[in-house]
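Read through the structure below, which is laid out as structure tokens, and then see the notes.
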Amino acid sequence: MKVQALKVKVDSKLVPCQVNGEFVASSEGMEKYLTEEKEHTALFKKLSIENIPRNQNQKANVLSKLASVSFNHLTKEVLVEVLDAKSMDAQEINMIVGEEEDNWMTLYIKCSEEGLGLRDENEARTLRMKISQYVIEEGVMFKKSYLSRMLRCVGPL
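If you want it as structure tokens, here you go:
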């Protein structure tokens with residue numbers, strides 16, 4: 001259930017032209033962003049980056065102008081966050097999760113991979129109903145949700 005095709009629409013002409021190779025990256029920092037972009041876009045089977053003309057982007061322009069309008073009843077305090085390092089120079093953090101013993105997901109995973117194998121028909125029916133609420137993607141169990149995206153299932157910490 002991974003994204004295979006991605007369509008990106010941007011309001012800057014510079015971004016799609018640099019990504020498509022029409023413009024050359026002028027600075028060292030921009031070259032880092034482009035190499036990072038190439039690594040991430042290689043994960044998709046199909047990728048298109050388009051420039052949206054200003055006249056077709058009126059809703060976003062109105063929202064951005066509305067956000068910059070000052071209101072008298074709001075505080076005039078401006079919050080500033082100073083970033084010490086560029087986002088490209090930040091260290092990448094990898095989360096390592098060790099193999100767990102049997103937990104509440106073990107029965108669901110075994111039954112969905114190997115079959116139920118239960119003799120009691122009522123118990124098998126109940127388990128089938130519960131299993132239908134979950135999906136396993138690349139060894140990771142997710143709970144299906146109607147109103148939001150799938151929720152990753154975790155065991156005890």
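Everything in the sequence shown is counted per full-length UniProt numbering, starting at 1 for the first residue and increasing by one. Using N, Cα and C, we set each Cβ at its ideal position, and we do this for glycine too.
When the options are compared against residue i, the one with the closest alpha-carbon
i	options	result
R54	V10, S27 and L34	V10
G86	E138, Y33 and E121	Here the sequence assigns Lys to residue 86, which means Gly is not the residue at that position. Among E138, Y33 and E121, the Cα nearest to that of K86 is on Y33.
E101	P156, P16 and L43	P156
P16	E81, Y108, M105 and S48	S48
K130	V140, V62, W104 and G139	W104
R128	G139, E137, T35 and S112	S112
C126	S26, D84 and L107	The question names Cys, but residue 126 is Thr in the sequence shown. Measuring from the Cα of T126, the nearest candidate turns out to be L107.
Nonlocal neighbours in the same chain, by C-beta distance under 8 Å from residue i, ignoring five residues either side
i	result
S64	none
Q133	K143 and K144
N20	I49
F44	V3, Q4, A5 and L6
Nearest-angstrom beta carbon gap, residue j and residue i [assumed within contact, 8 Å]
i	j	result
I109	M150	That belief does not hold up - the Cβ atoms of I109 and M150 are roughly 16 Å apart, past 8 Å.
Proximity below 7 Å, CB of residue i to CB of residue j
i	j	result
N51	K13	yes
Sequence-distant residues of the same chain with beta carbon closer than 7 Å to residue i, five excluded per side
i	result
L66	none
M1	Interpretation of M1 is limited by its pLDDT of 47, a score under 50 that renders its predicted location unreliable; the figure taken from the coordinates is listed afterwards. Contacts found: E137.
F23	L14 and C17
Cβ shell of residue i (< 6 Å), same chain only, five flanking positions each side left out
i	result
R152	F142
K46	A5
Pairs of beta-carbons, one from the region 2-10 and one from the region 26-39, closer than 8 Å: are there three or more?
no
For the pair the region 145-152 and the region 114-122, tell me if three or more CB-CB distances fall below 8 Å.
no
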